[in-house]
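Note that our numbering numbers the sequence shown so that position 98 is 1477, with each residue one more than the last.
Just below is one structure, and these are the notes that go with it.
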Amino acid sequence: MVTPLLPSVEFAYLIGVIAGDGCITRAGRVFKLEISCDAAYPELITTFQNLVEKLTGLRVGVYKVKRKNCFRVVANSATLPTLLGLPPGAKSKNGFAIPDWIFESVDCVKAFAKGLIETDGTVARVHRHGGWYWHVHFSASNAVIMSSFLRATEILGYTFQVNGPKAYLSNTPLTKQLIADLGITKLKAYVYP
């Protein structure tokens, strides 16, 4: 009998990562957890690999995706859905939901939001018209994931503007405060004339 993982800050972060760029699928007689990560962020690839190994005790592989600039962090086990408390299959069709316990602790909310931003978000420093401004952009076509992201950021005191499947925080001081609060180091810089 497999015991599901207990709530923790690290598990909240992993759920954010899985909600963003992860999936659990059937692979023969076992299930496969896959997390995609841009090759431009090798430190995140290592973080995701170490986190899955630590929380699940499973052997985790990292594989380069052919003809793409990304890697897959992969773990296999017959017990993954039970262990993680997450259903296998397409998140848009399998009843995927964020566990309520995440929203009961500010530390878990921060970790969850960080996982989402580091996978399906962008923190951008933009130089335009002689000055720098910062913004956070988050994208999710899955309504459950988007509403959970907005719930988490509201709990933390940040109100994002929503436009379809995208949410933005465009206030430079608030953006800097959010990334400091969450400990996000994945930044992109854009310079325009």
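Cβ coordinates follow ideal geometry from the N, Cα and C atoms, glycine included.
As the structure is a prediction and not an experimental result, all values here were calculated from the model.
Open item on the list: Just to confirm, is the Cβ distance from L1548 to V1515 under 7 Å?
Closed with: Less than 7 Å divides the Cβ of L1548 from the Cβ of V1515.
Task: Supposed contact pair T1554 and W1511 - C-beta distance, whole angstroms, cut 8 Å - done: With a contact defined as Cβ atoms closer than 8 Å, W1511 and T1554 miss out at about 11 Å.
Open item on the list: So, for G1500: in the same chain, excluding its five sequence neighbours on each side, which residues have a beta-carbon less than 7 Å away from its beta-carbon?
Closed with: Non-local beta-carbon contacts of G1500 in its own chain, meaning distances under 7 Å to residues more than five positions away in sequence, involve V1515, H1516 and F1517 in chain order.
Open item on the list: With the cut-off set at 7 Å, would you say Y1392 and G1494 are in Cβ contact?
Closed with: For the pair Y1392 and G1494, the CB atoms are nearer than the 7 Å cut-off.
Task: Pair within 7 Å by beta-carbon distance, D1400 and T1532 - done: No, they are not a contact pair.
Open item on the list: I need the straight-line Cα distance from M1380 to T1538, nearest angstrom please.
Closed with: As the crow flies, the alpha-carbon of M1380 is around 42 Å from that of T1538.
- [ ] Could you say if the region 1400 to 1409 and the region 1455 to 1466 meet the contact criterion of at least three C-beta pairs nearer than 8 Å?
- [x] They touch, by the three-pair rule.
Task: Rounded distance between the beta-carbons of V1441 and Q1428, thought under 8 Å - done: Contact flag correct, Cβ pair sits at about 6 Å.
TODO: Using a threshold of 7 Å, state whether the C-beta atoms of V1502 and I1534 are closer than that.
DONE: Not in contact: V1502 and I1534 (Cβ atoms no closer than 7 Å).
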